[in-house]
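Following this note's numbering, the numbering of the sequence shown begins with 648 at its first residue and continues without gaps. All C-beta atoms, glycine included, are put in the ideal place defined by N, C-alpha and C. Here the structure is a predicted model, which means the values were calculated and not measured. What follows is a set of notes on a single structure, which appears directly below.
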Amino acid sequence: MQNDPDTKGFLLSLDEHGMKQYVTEATHIKGHILDLVITRDTSVILLSTPDIVDPGIFHPNENASCDHKGVTFSLNLNKPTAKSHVISYRNFREIDKDEFKRDLENYLAFEPSNEIECYVYTYHAKVSEVLENHAPLISKEVTLRPNTKWYTSELRTVKREKRKAERTWRRTGLSVHYQIYIDKCIQNSNLLYQSKCEFYSTKIEECGSDQRSLYKITNKLLGKKQDVGLPSCDDDHELANKFGIFFHDKVQKIRNELTSECNGEQNLASSLRVDKGFSGVFLTNFEGTTTNEVEKIIMRTPNKSCILDPIPTCFIEENISIFAPSIAGIINKSLTDSEVPKSFKQAVVNPLLEKPRLDIENFKNYRPVSNLSFLSKVLEKVVAKRLDEHLESNGLLDSLQSAYRKCHSTETALLSVHHDIATALDNNSCAVLMMLDLSAAFDLIDHDILFTRLKNTFGITESALDWISSYLNGRSQRIIINSSLSECQPLEIGVAQGSVLGPKIYCMFSLPIAEICKNHGINYHIYADDTQVFLVFRPTESWINISSRLISCLNDIRNWMESNRLKLNEDKTELIDFAPKYRSNDFSEFSISFGADIIHQASHVKNLGVIFDKSLNFEKQCNSISRSCYIQLRNIGRVRPFLTEDAAKTLVHALVTSRLDYGNALLHNINSCLINKLPKVQNVAARIVTRTKKREHITPVLIELHWLPVFFRCQYKLIVYVFKALHGSAPVYLSELIGEYQPKRNLRSQATRQLVVPRVRTKTYGERCFDKSAATLWNDLPTHLRGLDSNDAFKKGLKTFLFKKTFNM
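Now the structure itself:
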């Protein structure tokens, strides 16, 4: 309802969803105070004022007006004009799979070219032609309406019958027609619920464990806004160009700020000062691949496509036997010629808001997410496998670098750091931990320094080094906004973040950081660009000596980074100390002067997704888990009526159980008052999945779902890591913490695969160390479980054992 100056009255209209607007208020118009009351019937609108005896009656689709004391009241009840836009799509459902397969076989049987660029161009052209013949690109104008894919033809028919029954009842007023109308309403409601339930449950099951897709579906069911926040701009192409310039200038600005006293050859010599020389078997070339290897890589790769791909990935997987020979030929040609095709070095970048509540108008709040072509990732995975074999066989990677390595993860890194700190506290010592922060680490890698380090430190030379040089040089990226692409922006430095090789290359580039920490006798652990250094000391030591050791190490790291053109954020570096409870106040005001900043102690820090507090009791971590889980459970509970039980389980496992399980090995043997918060979360999740009432017992529900309680899930995680450590599938830094029991004389116990249980001083810290807790839990297992060698069989048997132990079965 709004003032309409043209009609000198009021305008009543429909909103964007076609919902009628109604107002009841006292309004002052031309000196008259009118009480305007608008009520709705099924088919009419009534307009009345206190001075009008006969109210105006209008039909919903008519425009009408009435006069009162010189004031004109106007009603406009027509729906607003629907918006439309042009879309392009391919009708993949109409493809004849047999004929499509025959055409692929014929088109891909072409003679390979001697040049890799021509080879790739021909492959793309042939595949695109086949796809165009069977599913041509169609463009049409569509009307923007709410996404109601669950609205089936059967539901449309029942709704029409309901409306027909309503009109009949309104016309006759008979009770029998009213009852027919009520029956149709019930039928329509039941079918509506069933359609929504089937549609969304199927969608959730198709998503599997893809959390991003599950978030979208949940938000869709909750009616939350789905649009991605972007800065305001009338032209998508112009906005894409602005983002492209911003991301490019951001990296260049940081690089220009990195000044060093050494330049040119002196700068290179300074950056390589702490590098080790190579003394192993040189990697001179990358071995070619086979069709079988390509097939395995493709089938293990997530089914995701990029707009740079000539054909969706799902078609490649369905016709893997046809595509594999051509893809293997392209890869072998690239490795032989030491050349990466230009099309493989292009990236399409989506700017995503880092956090939902940040200002969408500020470009600094966006991070670039790169998408690369599918074939380029397959090529990179082949090369990555060759690189890993070379690094492992020559022992070139640091044992405390846990990123992008087989059997390593953020959880294993956290277990190692937690064990070292807890051991120090158990020995009545203290520890100080510093978390280093880098700016755009992957984007700032200097190629000249990298190539020198790959040759001198890692023994990568000749054809292999030429291939990596071709892979890094000549890269470019384009920003995409609503299918509009920006101008091409060259990437002269850095490695591609969305690639397979980029993170591995960064880990090799930053290897000297570990050597600097070793030279200063300071503990460390590195996960990609997340570097943490910590120092264990006795409480009687002077803080001046401790801080001087840390500052000396940090200065060397900063100087190395400056000479290697990396940016260390001194103001974002975090410091936290750990001390026994009775000494916690002795270190409350310690700080470190680092560069131009003073780093003060924090009460807690977030380390690889887990919150460490000064007393190491993980109170804030438990509170954080509970809070985030309850938010997700509240959302799942609201959409639970539209989901099957299996779909609800999928949502709970992806959005709730994953949070309960991440880092739960660190929570073993913590204060029961803290960890008891998490079983309550699990119980609520079980009630939502099974739709169990609040006052019913939860134990039968957990048994029915076959869910281990949180306390035993922590034990399960620890025992699995022990099994992996004993069978060579765990990091070295965890395997070194456990040892099999070897009696001095022949005893029956030596065949039971028991572990040595170390002695500890305190229960608060010593009982929580990995070596103590893991060995104790392992020795409590039945003998037949400890003797298993199969990973799957052990996990299955372990869960069964813990499940029976939990519920006394």
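Item	Value
Cβ contact check for the stretch 1022–1034 and the stretch 933–947: 3 or more pairs under 8 Å	yes
Where Q1063 falls, given that 16 or more other Cβ within 10 Å makes a residue buried	Sequence inspection shows Ser at residue 1063; the Gln mentioned does not correspond to that position. The residue is buried, with at least 16 neighbouring Cβ atoms inside 10 Å.
Short Cβ contact (8 Å threshold) for L1445 with L1432	yes
Sequence-distant residues of its chain with Cβ nearer than 8 Å to E1134 (five each side left out)	N888, G891 and R1125
Beta carbon of C953 nearer than 8 Å to that of L1044	no
Inter-stretch contact at 8 Å, needing at least 3 Cβ pairs: the stretch 1160–1169 / the stretch 1105–1117	no
Identity of the residue in Y1118, K1340, F1358 and I734 nearest C1320 by Cα	F1358
Three-state secondary structure assigned by DSSP to A1294	helix
Residues that DSSP places opposite L838 in a beta bridge	In DSSP, L838 forms no bridge with anything.
Coarse secondary structure for T1339, derived from DSSP in three states	coil
Environment of E1486 [buried if 16+ CB atoms lie within 10 Å]	One cannot answer for residue 1486 here, as it falls past the ends of the chain, which runs 648 to 1456.
Ranges of the alpha helix (DSSP H) found wholly within the stretch 918–964, counting only runs of at least 4	938–947
Buried/exposed call for A772, threshold 16 Cβ in 10 Å	exposed
Where the beta strand (DSSP E) through F1259 begins and ends	V1257 to D1260
Proximity below 8 Å, CB of H1374 to CB of D1436	yes
Assigned secondary structure, Q993 (DSSP; H/G/I helix, E/B strand, else coil)	strand
Distance between D922 and P1159 (C-alpha atoms, nearest Å)	6 Å
Unbroken alpha helix (DSSP H) run spanning Y1363, endpoints	V1357 to L1373
G1441 in three-state terms, based on DSSP	The sequence given here has Phe at residue 1441, not Gly. Note: F1441 maps to helix in three-state DSSP.
Span separating the alpha-carbon of F846 from that of K796	8 Å
Range of the contiguous beta strand (DSSP E) that encloses Q1124	R1122 to I1128
7 Å CB neighbourhood of G1413 in its chain, flanking five on each side removed	D1073, V1407 and K1419
CA-to-CA distance, I1317 to R1415, given in whole angstroms	8 Å
Cβ neighbours of K1219 in the same chain (closer than 6 Å, five flanking residues each side left out)	D1084
3 or more residues per run - each beta strand (DSSP E) lying fully within the stretch 1172–1218	1177–1184
Any alpha helix (DSSP H) of 4 or more consecutive residues that is wholly inside the stretch 755–784	763–781
Reference Y1380, options H1300, G1434, L784 and C1054, closest by Cα	C1054
Bridge partner(s) assigned by DSSP for I1317	According to DSSP, which records beta bridges pairwise, I1317 is partnered with nothing at all.
Helix, strand or coil at L1428 [DSSP, three-state]	coil
Beta-carbon proximity list for P1137, same chain, < 6 Å, skipping 5 on both sides	S1123
Spatially closest choice to R749 from I969, H1344, R807 and S800, by CA coordinates	I969
Counted within 10 angstroms of its Cβ, other Cβ atoms place N1227 as buried (16 or more) or exposed	Note on residue identity: the sequence assigns Pro, not Asn, to residue 1227. Classification for P1227: buried.
Complete alpha helix (DSSP H) runs within the stretch 1073–1117 (minimum length 4 residues, chain order)	1094–1103
Alpha carbon of H706 to alpha carbon of K951, nearest angstrom	Confidence in H706 is poor, its pLDDT being 45 and thus under 50, which makes the residue's placement too unreliable to answer from.
L1085: CB within 7 Å of a non-hydrogen atom of the ligand MG	In the structure on display, the ligand MG does not appear, and there are no ligands present to speak of.
Which of helix, strand or coil DSSP assigns to K1053	coil
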